[in-house]
Amino acid sequence: PIVYSAPTDHTYINLPSVMSQGVVMETCTCTAPVNMAVIKYWGKRHKDLVLPLNSSISATLDQKQLRTKTTVAISPSFEDDRLWLNGIEERVDTVRIQNLLAELRQRSIEQQSCPQEWFSWKLHVCSENNFPTAAGLASSAAGYACLAFSLAVLYRLRGDISDIARRGSGSACRSMYGGFVIWDKGTKADGTDSIARQLYPETHWPELHILILVVSDQKKHTCSTAGMEVTVETSSLMKQRIRLVPDRIKEMTSAIEKRDFHKFAELTMKDSNQLHAVCLDSYPPISYMTDVSRQIVHMVHEYNKLKGQNKVAYTFDAGPNACLYLIEEDVAEVVSLVTHFFPPIGPTEEFYTGLPTGSVALDQFQ
Ligand code: DP6
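To convert, note that position 40 of the sequence shown is 30 in the numbering used here; the numbers rise steadily by one, no gaps.
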């Protein structure tokens, strides 16, 4: 487990204009954080514009632990647009990347934010995560937020760009702000009101911590995009969820405003459970949580029962890894509980920063 403290906003690193050996190049490096939803986004009303069926709320994590770092460069000497993710070249001709770039360039033209010839220059992008990619740890959120943000800095864009990040991956729009963030689903057909905004800054609830329990660093079997499509098409429970979420958003906003952890935890756990219930109600069913995930759920409920109130809240995205929300004063006890019941059996693989992964012993928790 890794302890997370107060989240931060983006870090702007540099924007040099490089000219060496006759090569003209504009380059910029930025980092962006992961966010962890407490009211989940699951289901789209428009696929290409990435418009959600419901609003969602998340907390942005401290970039010291989980972050994406992206360098973007444009140059008249580049022959093609190219992208490397964690050192491996990936395709740039995907709908998401092309939509994101088109929106960014369009906005830049409207704002006349940079020299016009830049639009004919090709782009090179290098991005790396310091945590497992596509393992349900919101890597696409940080990744696309970082891509949108570094390009926006490069092209000198002004104003909110959360809707540009949204084109890459819905949850990415929430990583554009620190603290507690809401992504309003919006009602307009063109999606211009489907943007993220900060509900409360990171200073609002500094005692709130997050523990990430890495159950598996393997890529998920069903990506979120495909999973939510099946759910929207086939789950009748999903229709009920869409009716319920607006009230939950109000309740969650109020719990955060009052720093009412008991209520915050209840809503967080219920919403995570509902996400995974609609996944199971999909046909064919989608199951992201594993036996270890369910053991963690059980442990949290037993612990809260023992304490007579909610002291810890779990939440799971599209993967088996648990994210625990808790108050700072309870971190030490919960970490010792977790390591007692789920002792790491040694790192199985080194990540970029050497974050501990490792599986957990299943049979120790009844
Ligand atoms: C379970 O943002 O990855 O993490 O928009 O299709 O790229 P796309 O989906 P994505 O979905 C994330 C879903 C979630 C819940 C959440 O973060 O709200």
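Each residue gets a CB set at the ideal place from its N, CA and C atoms; glycine is no exception. What you are looking at is a predicted structure, and each value in this text was computed from that prediction instead of being measured.
Inset, instruction - Within the same chain, show all residues whose beta-carbon is closer than 6 Å to that of C116, passing over the 5 residues directly before and after it, in chain order. - result: Residue numbering aside, residue 116 sits at position 126 when the sequence shown is read from its first letter. Here the set comprises T61 and W74.
Inset, instruction - Determine, using beta-carbon pairs with one atom in the region 47 to 62 and one in the region 76 to 91, whether at least three such pairs fall under 8 Å. - result: Between the region 47 to 62 and the region 76 to 91 there are fewer than three inter-stretch CB-CB distances shorter than 8 Å, so the stretches are not counted as touching.
Inset, instruction - Assess, as a yes-or-no matter, whether the region 42 to 51 is touched by the region 277 to 292 under the definition of 3 or more beta carbon pairs within less than 8 Å. - result: no
Inset, instruction - Tell me whether D38 is buried or exposed, calling it buried when 16 or more other Cβ atoms sit within 10 Å of its Cβ. - result: Counted from its first residue, the sequence shown places residue 38 at position 48. The residue is exposed, with fewer than 16 neighbouring Cβ atoms inside 10 Å.
Inset, instruction - Could you say which of A308, A186, H291 and T243 lies nearest to V324 if we only look at CA atoms? - result: One-based indexing of the sequence shown puts residue 324 at position 334. Checked all of A308, A186, H291 and T243; the closest Cα to V324 is H291.
Inset, instruction - Kindly list the residues whose CB is nearer than 7 Å to the CB of A312, restricted to its own chain and excluding five residues on each side of it in sequence; keep chain order. - result: Working through the sequence shown from its first residue, we reach residue 312 at position 322. Excluding positions up to five away in sequence, the list reads L203, V205, S283, I286, Y304 and F306.
Inset, instruction - Could you tell me whether the region 162 to 170 touches the region 23 to 36, where touching means 3 or more Cβ pairs closer than 8 Å? - result: yes
Legend entry - A27, buried or exposed, once every other Cβ within 10 Å from all chains shown has been counted against 16: Position 37 of the sequence shown, counted from the first residue, corresponds to residue 27. Per the 10 Å Cβ criterion, buried.
Inset, instruction - Report yes if the C-beta of T84 is less than 7 Å from at least one heavy atom of the ligand DP6; otherwise report no. - result: Numbered from 1 along the sequence shown, position 94 holds the residue referred to as residue 84. Flag unset: Cβ of T84 not near the ligand DP6.
Inset, instruction - May I ask you to check if the CB of M242 is nearer than 7 Å to at least one heavy atom of the ligand DP6? - result: Walking along the sequence shown from the start, residue 242 turns up at place 252. No, Cβ of M242 sits at least 7 Å from all heavy atoms of the ligand DP6.
Inset, instruction - Using the Cα positions of I248 and G309, report the straight-line distance between them to the nearest angstrom. - result: Position 258 of the sequence shown, counting from 1, holds the residue named residue 248. Position 319 of the sequence shown, counting from 1, holds the residue named residue 309. The sequence shown places Lys at residue 248, rather than the Ile named in the question. Distance between the alpha carbons of K248 and G309 is about 30 Å.
Inset, instruction - Determine, using beta carbons only, whether I154 and W108 come nearer to each other than 8 Å. - result: Looking up residue 154 in the sequence shown gives position 164. Looking up residue 108 in the sequence shown gives position 118. No, the Cβ-Cβ distance between I154 and W108 is not below 8 Å.
Inset, instruction - Go ahead and label S193 buried or exposed: buried means 16 or more other beta carbons lie within 10 angstroms of its beta carbon, across all protein chains shown. - result: On the sequence shown, residue 193 is found 203 positions in, with the first residue counted as 1. Inspection of the sequence shows that residue 193 is occupied by Thr rather than by Ser. Flag for T193 reads exposed.
Legend entry - For G160 and V40, believed in contact at Cβ under 8 Å, the rounded distance: What you label residue 40 is simply residue 50 of the sequence shown in a count that begins at 1. What you label residue 160 is simply residue 170 of the sequence shown in a count that begins at 1. Rounded, the Cβ-Cβ distance is 5 Å, consistent with contact.
Inset, instruction - Determine, using beta carbons only, whether I227 and E241 come nearer to each other than 8 Å. - result: Start at 1 with the first residue of the sequence shown, and residue 227 comes out as number 237. Start at 1 with the first residue of the sequence shown, and residue 241 comes out as number 251. For the record, residue 227 in the displayed sequence is Leu; it is not Ile. Cβ distance not < 8 Å, so L227 and E241 don't count as in contact.
Inset, instruction - Run the CB neighbour count on A92, radius 10 Å, all protein chains shown included, and call it buried at 16 or more, exposed below. - result: Indexing the sequence shown from 1 puts residue 92 at position 102. Exposed is the call here.
Inset, instruction - Quick one: grab the DSSP three-state call for P334. - result: Residue numbering aside, residue 334 sits at position 344 when the sequence shown is read from its first letter. If DSSP states are grouped into helix, strand and coil, P334 belongs with the strands.
Legend entry - Same chain only: Cβ atoms within 8 Å of I232, ignoring 5 sequence neighbours per side: Taking the first residue of the sequence shown as position 1, residue 232 is located at position 242. Counting only Cβ-Cβ distances below 8 Å, and skipping sequence neighbours, we find G33, L43 and N44.
Inset, instruction - Buried or exposed for A322, please, with buried defined as at least 16 other CB atoms from any protein chain shown within 10 angstroms of its CB. - result: Taking the first residue of the sequence shown as position 1, residue 322 is located at position 332. Flag for A322 reads exposed.
Inset, instruction - Evaluate P196 with the Cβ neighbour count: other Cβ atoms within 10 Å of its Cβ, from every protein chain shown; 16 or more gives buried, anything less gives exposed. - result: Residue 196 sits at position 206 when you count from the first residue of the sequence shown. By the 10 Å Cβ count, P196 comes out exposed.
Inset, instruction - Report yes if the CB atom of L90 is closer than 8 Å to the CB atom of Y134, and no otherwise. - result: Reading the sequence shown from its first residue, position 100 is the one you call residue 90. Reading the sequence shown from its first residue, position 144 is the one you call residue 134. Cβ distance < 8 Å, so L90 and Y134 count as in contact.
Inset, instruction - Please work out which residues of its chain come closer than 6 Å, Cβ to Cβ, to G181, disregarding the five sequence neighbours upstream and downstream, and give them in chain order. - result: Numbered from its first residue, the sequence shown carries residue 181 at position 191. Around G181: L39 and L41.
Legend entry - heavy atom of the ligand DP6 below 7 Å from V40 C-beta: Position 50 of the sequence shown, counting from 1, holds the residue named residue 40. The ligand DP6 has a heavy atom closer than 7 Å to the beta-carbon of V40.
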